[in-house]
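Asker:
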Amino acid sequence: MLQKLLITHFRNYEHQSLEFGGGVNALIGANGQGKTNILEAICYLSLLRSFRTSQTSTLLNSGTGNFSLYGEVLDSQGNLTRLGVSHGQDRKLVVNGLPVAKSSEFLSRLVCAPFLPEDLSIIKGPPGGRRRFLDIALCQLSPVYLRALQSFNEALKSRNVMLRTPDRYPRAVVTAYDHVMAEHAALLEIERKKATIRLNEAVQRQSELFFPDGRNLALNFVSGIGRLLENVPEDPEEVREKYRKALEESYERDCRDGSTHCGPQRSDMAYTLNGKSLNLFGSEGECRTAAIALRFALLELLRERRGPEDITVLVDDVLGELDATRRKAFLEQITATGQVVFAGTALPTEFSQDVKIFFVDRGSVQARK
Numbered sequence: 131m132l133q134k135l136l137i138t139h140f141r142n143y144e145h146q147s148l149e150f151g152g153g154v155n156a157l158i159g160a161n162g163q164g165k166t167n168i169l170e171a172i173c174y175l176s177l178l179r180s181f182r183t184s185q186t187s188t189l190l191n192s193g194t195g196n197f198s199l200y201g202e203v204l205d206s207q208g209n210l211t212r213l214g215v216s217h218g219q220d221r222k223l224v225v226n227g228l229p230v231a232k233s234s235e236f237l238s239r240l241v242c243a244p245f246l247p248e249d250l251s252i253i254k255g256p257p258g259g260r261r262r263f264l265d266i267a268l269c270q271l272s273p274v275y276l277r278a279l280q281s282f283n284e285a286l287k288s289r290n291v292m293l294r295t296p297d298r299y300p301r302a303v304v305t306a307y308d309h310v311m312a313e314h315a316a317l318l319e320i321e322r323k324k325a326t327i328r329l330n331e332a333v334q335r336q337s338e339l340f341f342p343d344g345r346n347l348a349l350n351f352v353s354g355i356g357r358l359l360e361n362v363p364e365d366p367e368e369v370r371e372k373y374r375k376a377l378e379e380s381y382e383r384d385c386r387d388g389s390t391h392c393g394p395q396r397s398d399m400a401y402t403l404n405g406k407s408l409n410l411f412g413s414e415g416e417c418r419t420a421a422i423a424l425r426f427a428l429l430e431l432l433r434e435r436r437g438p439e440d441i442t443v444l445v446d447d448v449l450g451e452l453d454a455t456r457r458k459a460f461l462e463q464i465t466a467t468g469q470v471v472f473a474g475t476a477l478p479t480e481f482s483q484d485v486k487i488f489f490v491d492r493g494s495v496q497a498r499k
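Going by my numbering, the first residue of the sequence shown is number 131, and it counts up by one from there.
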């Protein structure tokens, strides 16, 4: 649970301090006042990334050269963790007053589960958004996965540089990176496949709530290493060897195109409603509802792994298109979690009286007395 948040030079905030409680915390204000920026700051403190942009410079308050975020997180066992991140020319991370060099030592000490309008892109957007969703989910569930993902991406980047200038790099040098990539790709794809199976089981349960007319929402993992996972779903050694051979066989093509074609960087997830592709045939309303159901499916997995009391749910402007039945299912589920930070123009009437309310106006936040 996030107890305290300090924001400095982030978006439209110069300096802002907030103290949150357990249960529902509501950020109330007109559009454009900075409610979403607070959710973004919380998410950044959890995942070291914005849910709105990949350009860190856009997070800076106008006229400043750096921003900083500080948070105090209390878990269900009574342990307090102090987190700090600052971004200027370099990024600095601090945990309990001590600097840490690796993001893997910082990430997900604050566990957050966002529900955002941008989630529509997970269903309707390009494959990169779906891979990002799955990678973030697995990084929250497994530190080992995060390290494997970072190592694979570093090796992939180096291999692609060499492929674009093959006259400068002997094939044996490229082959060395093939072995590194294969080592980590096996773990990534096996874990992605296993996680998707679990997510699909949870999605089936959510489908009953959000598609009560009997329509069935489902998802399947589409591996970037093709059929190499077939018949060897949990044998990393065999997957490693098959992927290494696939990289070797595609070497000439990869050199011509200057990029690696086969690998986890090509993976995707396919979402269907009653067997039809949502990406191709789903209405915007169906896709938005499917994205919400998917987020709740992930929340189920996070609760199993981290416990419901140690998860902070972030909600931004996703209730508007839900009918009464779906709205009830949404609010009942989020309030079963330890902490909710809700942003809206008005407080939903379904919330109980025990809500901590903050009024947001032009980059300033005041707690209700």
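Built from N, CA and C at the ideal position, the CB exists for glycine as well.
Given the structure is predicted, the values throughout are model-derived calculations rather than measurements.
Do Leu317 and Ala285 have their CB atoms nearer than 7 angstroms?
Answerer: Residue mapping note: residue 317 aligns to position 187 of the sequence shown, counting from 1. Residue mapping note: residue 285 aligns to position 155 of the sequence shown, counting from 1. Cβ distance not < 7 angstroms, so Leu317 and Ala285 don't count as in contact.
Asker: Let me know the beta strand (DSSP E) ranges lying completely inside the region 384-443, each 3 residues or longer, listed in chain order.
Answerer: Listed in chain order, the complete beta strand (DSSP E) runs (minimum 3 residues) inside the region 384-443 are 398-403.
Asker: Between the alpha carbons of Ala325 and Leu268, how many angstroms are there, rounded?
Answerer: Position 195 of the sequence shown, counted from the first residue, corresponds to residue 325. Position 138 of the sequence shown, counted from the first residue, corresponds to residue 268. Those two C-alpha atoms are separated by around 8 angstroms.
Asker: Below 8 angstroms on the Cβ atoms is my guess for Leu189 versus Arg141; work out the distance and round it to an integer in Å.
Answerer: Start at 1 with the first residue of the sequence shown, and residue 189 comes out as number 59. Start at 1 with the first residue of the sequence shown, and residue 141 comes out as number 11. That pair is a contact at about 6 angstroms.
Asker: Look at Gly388 and Leu293 and say whether their C-beta atoms are less than 7 angstroms apart.
Answerer: Here the question's residue 388 lines up with position 258 in the sequence shown. Here the question's residue 293 lines up with position 163 in the sequence shown. Going by C-beta atoms, Gly388 is nearer than 7 angstroms to Leu293.
Asker: DSSP on Pro257, reduced to helix/strand/coil?
Answerer: By one-based count along the sequence shown, residue 257 stands at place 127. Pro257: helix per DSSP, three-state reduction.
Asker: State the start and end residues of the unbroken beta strand (DSSP E) segment that holds Ser198.
Answerer: Numbered from its first residue, the sequence shown carries residue 198 at position 68. 197-204 is the extent of the beta strand (DSSP E) around Ser198.
Asker: The alpha helix (DSSP H) that contains Pro273, what's its start and end?
Answerer: If you number the sequence shown from 1, residue 273 lands on position 143. Pro273 -> alpha helix (DSSP H) spans 273-294.
Asker: Check Lys134 in the structure and name its three-state DSSP category.
Answerer: Translated into positions along the sequence shown, residue 134 becomes position 4. In the structure shown, Lys134 falls within a strand segment according to DSSP collapsed to helix, strand and coil.
Asker: Do Phe341 and Leu347 come within 7 angstroms of each other at the CB atom, strictly closer than that value?
Answerer: Locating residue 347 in the sequence shown gives position 217, counting from the first residue. Locating residue 341 in the sequence shown gives position 211, counting from the first residue. Cβ atoms of Leu347 and Phe341: closer than 7 angstroms.
Asker: Shortest alpha-carbon distance to His517 belongs to which of Asp440, Val241, Ser192?
Answerer: Residue 517 lies beyond the range of the chain shown here (131 to 499); nothing can be said about it.
Asker: Can you have a look at Val274 and say buried or exposed, based on whether 16 or more other CB atoms are within 10 angstroms of its CB?
Answerer: For the purposes of this step, residue 274 is identified with residue 144 of the sequence shown, where counting begins at 1. By the neighbour-count criterion, in which a residue is buried when 16 or more other Cβ atoms sit within 10 angstroms of its Cβ, Val274 is exposed.
Asker: Go through the region 136-219 residue by residue and report every complete run of the beta strand (DSSP E) that reaches 3 residues or more, in order.
Answerer: 143-149, 153-158, 197-204, 210-217
Asker: Return the CA-CA distance between Val362 and Ser272, expressed in angstroms with no decimal places.
Answerer: Working through the sequence shown from its first residue, we reach residue 362 at position 232. Working through the sequence shown from its first residue, we reach residue 272 at position 142. Note that Val362 scores 49 on pLDDT, short of 50, meaning its location in the model is unreliable and no value can be drawn from it.
Asker: Are the beta-carbon atoms belonging to Glu439 and Gly468 less than 7 angstroms from one another?
Answerer: For the purposes of this step, residue 439 is taken as the residue at position 309 of the sequence shown. For the purposes of this step, residue 468 is taken as the residue at position 338 of the sequence shown. For Glu439 and Gly468, yes; Cβs fall inside 7 angstroms.
Asker: How would you write the range of the alpha helix (DSSP H) that Ser337 sits in, first residue to last?
Answerer: One-based indexing of the sequence shown puts residue 337 at position 207. 301-340 is the span of the alpha helix (DSSP H), which, as asked, contains Ser337.
Asker: Nearer than 6 angstroms: is that true of the beta carbon of Thr467 relative to any heavy atom of the ligand GTP?
Answerer: Summarising the ligand content, the structure contains no ligands, and the ligand GTP is consequently not present.
Asker: Assuming Ser407 contacts Glu319 (C-beta within less than 8 angstroms), just tell me the rounded distance between them.
Answerer: By one-based count along the sequence shown, residue 407 stands at place 277. By one-based count along the sequence shown, residue 319 stands at place 189. In fact, because the Cβ distance is near 22 angstroms, the residues do not count as touching under 8 angstroms.
Asker: By the 10 Å Cβ neighbour count, where 16 or more other Cβ atoms means buried, how is Ser413 classified, buried or exposed?
Answerer: The residue you call residue 413 lines up with position 283 of the sequence shown. When all chains shown are included, Ser413 counts as exposed.
Asker: Apart from the five residues on each side of it in sequence, which residues of its chain come closer than 8 angstroms, Cβ to Cβ, to Lys458?
Answerer: The residue labelled residue 458 in the question sits at position 328 within the sequence shown. Glu480.
Asker: Smallest Cα separation from Leu449: which of Gly437, Thr442, Glu462?
Answerer: Stepping through the sequence shown from its first residue, residue 449 is reached at position 319. Nearest to Leu449 by C-alpha distance, out of Gly437, Thr442, Glu462, is Glu462.
Asker: Determine the closest residue to Gln270 out of Glu248, Leu177, Tyr373, Ile422, with distance taken between C-alpha atoms.
Answerer: In the sequence shown, counting from the first residue as 1, residue 270 sits at position 140. Minimum Cα distance to Gln270 is reached at Leu177.
Asker: Tell me where the alpha helix (DSSP H) around Gln463 begins and ends.
Answerer: Taking the first residue of the sequence shown as 1, we reach residue 463 at position 333. Per DSSP, Gln463 belongs to the alpha helix (DSSP H) from 454-464.
Asker: How many angstroms separate the CA atom of Glu170 from the CA atom of Arg182?
Answerer: Against the sequence shown, residue 170 aligns to sequence position 40. Against the sequence shown, residue 182 aligns to sequence position 52. Approximately 8 angstroms, taken between the alpha carbons.
Asker: From which residue to which residue does the alpha helix (DSSP H) around Val369 run?
Answerer: What you label residue 369 is simply residue 239 of the sequence shown in a count that begins at 1. Here the alpha helix (DSSP H) through Val369 covers 366-379.
Asker: DSSP on Asp343, reduced to helix/strand/coil?
Answerer: For the purposes of this step, residue 343 is identified with residue 213 of the sequence shown, where counting begins at 1. DSSP, read as helix, strand or coil, puts Asp343 in coil.
Asker: Exposed or buried, what is His309 when buried is set at 16 or more other beta-carbons lying within 10 Å of its beta-carbon?
Answerer: Working through the sequence shown from its first residue, we reach residue 309 at position 179. The residue is exposed, with fewer than 16 neighbouring Cβ atoms inside 10 Å.
Asker: Could you tell me the alpha carbon to alpha carbon distance between Pro229 and Glu235, rounded to whole angstroms?
Answerer: Locating residue 229 in the sequence shown gives position 99, counting from the first residue. Locating residue 235 in the sequence shown gives position 105, counting from the first residue. Near 10 angstroms, if we compare the C-alpha coordinates of Glu235 and Pro229.
Asker: Which residue wins for smallest C-alpha separation from Glu144, given the options Gly151, Leu136, Ala332?
Answerer: Counting from 1 along the sequence shown, the entry for residue 144 is found at position 14. Ranking Gly151, Leu136, Ala332 by Cα distance to Glu144 puts Leu136 first.
Asker: Nearest-angstrom Cα distance between Pro296 and Thr305?
Answerer: Taking the first residue of the sequence shown as position 1, residue 296 is located at position 166. Taking the first residue of the sequence shown as position 1, residue 305 is located at position 175. Each residue's Cα considered, the two are about 12 angstroms apart.
Asker: Helix, strand or coil, according to DSSP, for Pro244 in the structure here?
Answerer: The count along the sequence shown starts at 1 and reaches residue 244 at position 114. Pro244 falls in the strand class under three-state DSSP.
Asker: Between Leu317 and chain C, is the shortest Cβ-Cβ distance under 7 angstroms, so that the two count as touching?
Answerer: Structure shown: chain C not included; a single protein chain is present.
Asker: How about Pro394 and Gly354: do their beta carbons lie closer than 7 angstroms?
Answerer: Within the sequence shown, residue 394 is the residue found at index 264, counting from 1. Within the sequence shown, residue 354 is the residue found at index 224, counting from 1. It is a contact, given that the beta carbons lie within the stated cut-off.
Asker: Which of helix, strand or coil does DSSP assign to Leu264?
Answerer: Residue 264 sits at position 134 when you count from the first residue of the sequence shown. Helix, per DSSP.
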